[in-house]
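Inspection log for the structure reproduced underneath, given as structure tokens.
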Amino acid sequence: MAGFQTVTLWSLRIVMAGLFLYAGAIKVMSPGAFLADIESYRILPYQPSLIVALYLPFLEIALAIALLIPRWSRPSALILSAMLFVFLVAIISAWMRGLDISCGCFGKQEVNTNYPWLVIRDLLMLGASVWISIRSGLKDTPNVVLKE
1 MAGFQTVTLW SLRIVMAGLF LYAGAIKVMS PGAFLADIES YRILPYQPSL IVALYLPFLE
61 IALAIALLIP RWSRPSALIL SAMLFVFLVA IISAWMRGLD ISCGCFGKQE VNTNYPWLVI
121 RDLLMLGASV WISIRSGLKD TPNVVLKE
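Sequential numbering of the sequence shown, starting at 1, is according to UniProt numbering.
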């Protein structure tokens, strides 16, 4: 059973890393389009939206790489879980306000947003990242000693 769990854990790490590496790369190549996607949510003012558009893609890429390094997989999965939760809240907020947006997740998408699919997809990704963070265990995390 331990072998199956190891294979499953690594498979999820690879899939999630691939998704976030792709998502980050698409956004790095089109920061203006990503900025427009962020602004379509009507949550953040322009300046914070610009900062998110410029830096979030690089964070996604860094976390994707860290997810593949056993020592850093747990911390990166925890950060990805927090990010996915924020993304989920933003998508549900746009849905509840009746906005027809391109989610900005994986580049430009069609209008007529399929909100149920976006919510299900993000919940699945959130579940995977939480599972990775739980299963990676303390032995995979950096050794941090807090001194008083």
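For glycine and all other residues, C-beta sits at the position ideal for the given N, C-alpha and C.
Note that this is a predicted model, so its numbers are computed, not measured.
Spatially closest choice to Ile38 from Cys105, Thr8 and Pro70, by CA coordinates: Checked all of Cys105, Thr8 and Pro70; the closest Cα to Ile38 is Cys105.
Start-to-end residues for the alpha helix (DSSP H) that takes in Phe34: Segment Pro31 to Ser40, the alpha helix (DSSP H) holding Phe34.
Assigned exposure category for Arg71 - 16 Cβ within 10 Å defines buried: Answer is exposed; the Cβ neighbour count stays below 16.
Close-in-space but distant-in-sequence residues of the same chain around Leu50 (CB under 8 Å, 5 per side omitted): Here the set comprises Leu35.
Inter-residue Cα distance where the pair is Met125 and Ile132: Here the alpha carbons of Ile132 and Met125 stand approximately 10 Å from one another.
Leu44 - containing alpha helix (DSSP H), residue span: Leu44 -> no alpha helix (DSSP H), and no H or E assigned at all.
Among Val15, Gln47, Ala25 and Tyr115, nearest to Phe87 - alpha-carbon criterion: Looking only at Val15, Gln47, Ala25 and Tyr115, the smallest Cα-Cα distance to Phe87 is reached by Tyr115.
Simplified DSSP state of Leu59, which is helix, strand or coil: Leu59 falls in the helix class under three-state DSSP.
C-beta contact flag for Lys27 and Pro75 at 7 Å: No, they are not a contact pair.
For Ala94 and Val119, the rounded distance between their alpha carbons: CA-to-CA, the gap between Val119 and Ala94 works out to about 11 Å.
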